[in-house]
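A.B. asks: One structure coming up, written as structure tokens, with questions to follow.
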Amino acid sequence: MRILVRYGAYPVVLSLGIVIHIILQKMGVNLHLATYIPVALGALMITVLEWRVPFRYTWWVDKREVGQDAIFMALIQGVLPPLLAFTLSVTLLGWLQGHEWTVEFVWPHDWPVAGQMLMMMVLADGMRYGLHRWAHEWEPLWRFHAVHHSPHKLYWLNVGRFHPVDKGLQFLLDSLPFVLIGVGKEVLALYVVCYAINGFFQHCNIDLRLGLLNYAISGPELHRWHHSKWKQESNHNYGNNLIVWDWIFGTRYLPKDRQVDELGLVNRHYPMTFLRQMTMPFIAGADKETILS
Ligand SMILES: [Zn+2]
Numbered sequence: 003m004r005i006l007v008r009y010g011a012y013p014v015v016l017s018l019g020i021v022i023h024i025i026l027q028k029m030g031v032n033l034h035l036a037t038y039i040p041v042a043l044g045a046l047m048i049t050v051l052e053w054r055v056p057f058r059y060t061w062w063v064d065k066r067e068v069g070q071d072a073i074f075m076a077l078i079q080g081v082l083p084p085l086l087a088f089t090l091s092v093t094l095l096g097w098l099q100g101h102e103w104t105v106e107f108v109w110p111h112d113w114p115v116a117g118q119m120l121m122m123m124v125l126a127d128g129m130r131y132g133l134h135r136w137a138h139e140w141e142p143l144w145r146f147h148a149v150h151h152s153p154h155k156l157y158w159l160n161v162g163r164f165h166p167v168d169k170g171l172q173f174l175l176d177s178l179p180f181v182l183i184g185v186g187k188e189v190l191a192l193y194v195v196c197y198a199i200n201g202f203f204q205h206c207n208i209d210l211r212l213g214l215l216n217y218a219i220s221g222p223e224l225h226r227w228h229h230s231k232w233k234q235e236s237n238h239n240y241g242n243n244l245i246v247w248d249w250i251f252g253t254r255y256l257p258k259d260r261q262v263d264e265l266g267l268v269n270r271h272y273p274m275t276f277l278r279q280m281t282m283p284f285i286a287g288a289d290k291e292t293i294l295s
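With the numbering used here as the guide, the letters of the sequence shown map in order to residues 3 to 295.
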């Protein structure tokens, strides 16, 4: 049974999410609901799997941690992206029209939705790879990204733990360009279903094995190393959905003979509440010093 879950959970839950998304659309359900219902069901299934088949019992979280991660998830992943989409796309489109500029982009609108989504994923992941790597290698950006690396445990809900500056930059690269060039709503919706469920799995505390998928997908086995406390391990596996860009640039890392040890930042007393983490990037060396509590 455990072996079935280990190898089957990722493809089964992701496929179920996509199938439910398609069925709801065929039933004429509003596209937003048809997108967020399968995402919520995916989160529910992953929560049950974390409880029944955890990767590490020591990564089980308490109510206080869940409460803070829920605030991040609601504000940073729930409220911020639609706000940014609205204000930035309206501002940019208005500016372009004000200058009487028309920008023509080649996008294969006539491809099947799944093909367009895959194309979008490869391109968005490429841009996110560059930003993510820069955020690890350039101190001023790292201070914002350190918020995402602060947890000492991984579980699905802490995929939402990002500083709004970091999330805003990601949005500029992985969503806004595709909204502006007029990629269809159905393509964006399918992308959100895959992006969200894969993101939950990437951070999950489930004893999963992705097998050959580890050569294409940036899943939990690869991403745990990205959250290692040690830079020589964490400065790898930058891929958001796919691991192909890490292959190309030589940063894919998956030791076969050991598991990741400690996660988080060097400063083991880095504050973990939402409000304190909003201010941490403005304190030089906060992720390294141990004097803060
Ligand atoms: Zn990172």
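The beta carbon of each residue, even a glycine, is placed where N, CA and C say it ideally should be.
When the Cα atoms are used, what is the spatial distance from R260 to F74?
C.D. replies: If you take the alpha carbons of R260 and F74, they lie about 32 Å apart.
A.B. asks: For S230, does the three-state DSSP call read helix, strand or coil?
C.D. replies: Three-state result, S230: strand.
A.B. asks: Around the C-beta of Y59, are 16 or more other C-beta atoms found within 10 angstroms, so that it is buried, or is it exposed?
C.D. replies: With fewer than 16 Cβ atoms within 10 Å of its Cβ, Y59 is classed as exposed.
A.B. asks: Taking DSSP as the reference, what is the three-state secondary structure of P153?
C.D. replies: P153: coil per DSSP, three-state reduction.
A.B. asks: Counting Cβ pairs, one atom from each stretch, are 3 or more of them under 8 Å apart for the segment 39–51 and the segment 191–208?
C.D. replies: Touching, per the Cβ criterion.
A.B. asks: Going by the DSSP bridge assignment, what does A56 pair with across the sheet?
C.D. replies: Here residue 56 is Pro; the residue named in the question, Ala, does not match the sequence. DSSP, once it has assigned bridges, lists I208 as partnering P56.
A.B. asks: Check whether the segment 118–134 touches the segment 31–48, counting contact only when three or more Cβ pairs, one atom from each stretch, lie closer than 8 Å.
C.D. replies: Output reads no: the segment 31–48 does not touch the segment 118–134.
A.B. asks: I'd like the list of long-range same chain contacts for G201, defined as Cβ closer than 6 Å, with 5 residues on each side in sequence excluded.
C.D. replies: Closer than 6 Å at the Cβ level, and outside the excluded window around G201, lie V161.
A.B. asks: Buried or exposed, going by whether 16 or more other CB atoms sit within 10 Å of the CB of S177?
C.D. replies: Under this definition S177 is a buried residue.
A.B. asks: Taking 6 Å as the cut-off, is the C-beta of S177 nearer than that to any heavy atom in ligand 2?
C.D. replies: Ligands in the displayed structure: ligand 1; ligand 2 is not one of them.
A.B. asks: How would you call G184, buried or exposed, if buried means at least 16 neighbouring beta carbons within 10 angstroms?
C.D. replies: Answer is exposed; the Cβ neighbour count stays below 16.
A.B. asks: Assuming L277 and P153 are in contact, meaning their beta carbons sit under 8 Å apart, how far apart are those beta carbons, in whole angstroms?
C.D. replies: Between P153 and L277 the Cβ distance is about 17 Å, and since that is not below 8 Å, they are no contact.
A.B. asks: Between N239 and T253, how many whole angstroms is the CB-CB distance? I'm expecting something under 8 Å.
C.D. replies: Yes, N239 and T253 are in contact; Cβ-Cβ is about 7 Å, under 8 Å.
A.B. asks: Contact between the segment 66–84 and the segment 161–171 is defined here as three or more beta-carbon pairs at a separation below 8 Å; is this criterion met?
C.D. replies: Yes: at least three Cβ pairs fall under 8 Å.
A.B. asks: Express the C-alpha separation of M282 and L90 in angstroms, rounding to a whole number.
C.D. replies: The straight-line gap from Cα to Cα measures roughly 26 Å.
A.B. asks: Mind checking who I219 pairs with in its DSSP beta bridge?
C.D. replies: According to DSSP, I219 bridges with L244.
A.B. asks: So which of V246, W97, P273 has the shortest CA-CA distance to N216?
C.D. replies: Ranking V246, W97, P273 by Cα distance to N216 puts V246 first.
A.B. asks: Let me know the secondary structure DSSP gives L265 once reduced to three states.
C.D. replies: If DSSP states are grouped into helix, strand and coil, L265 belongs with the strands.
A.B. asks: Quick check: what's the CA-CA separation for S295 versus R135?
C.D. replies: Confidence at S295 is low in this model, with a pLDDT of 44, below 50, so the placement of that residue is unreliable and no value is reported for it.
A.B. asks: Can you tell me whether S17 is helix, strand or coil according to DSSP?
C.D. replies: DSSP places S17 in helix when its eight states are reduced to three.
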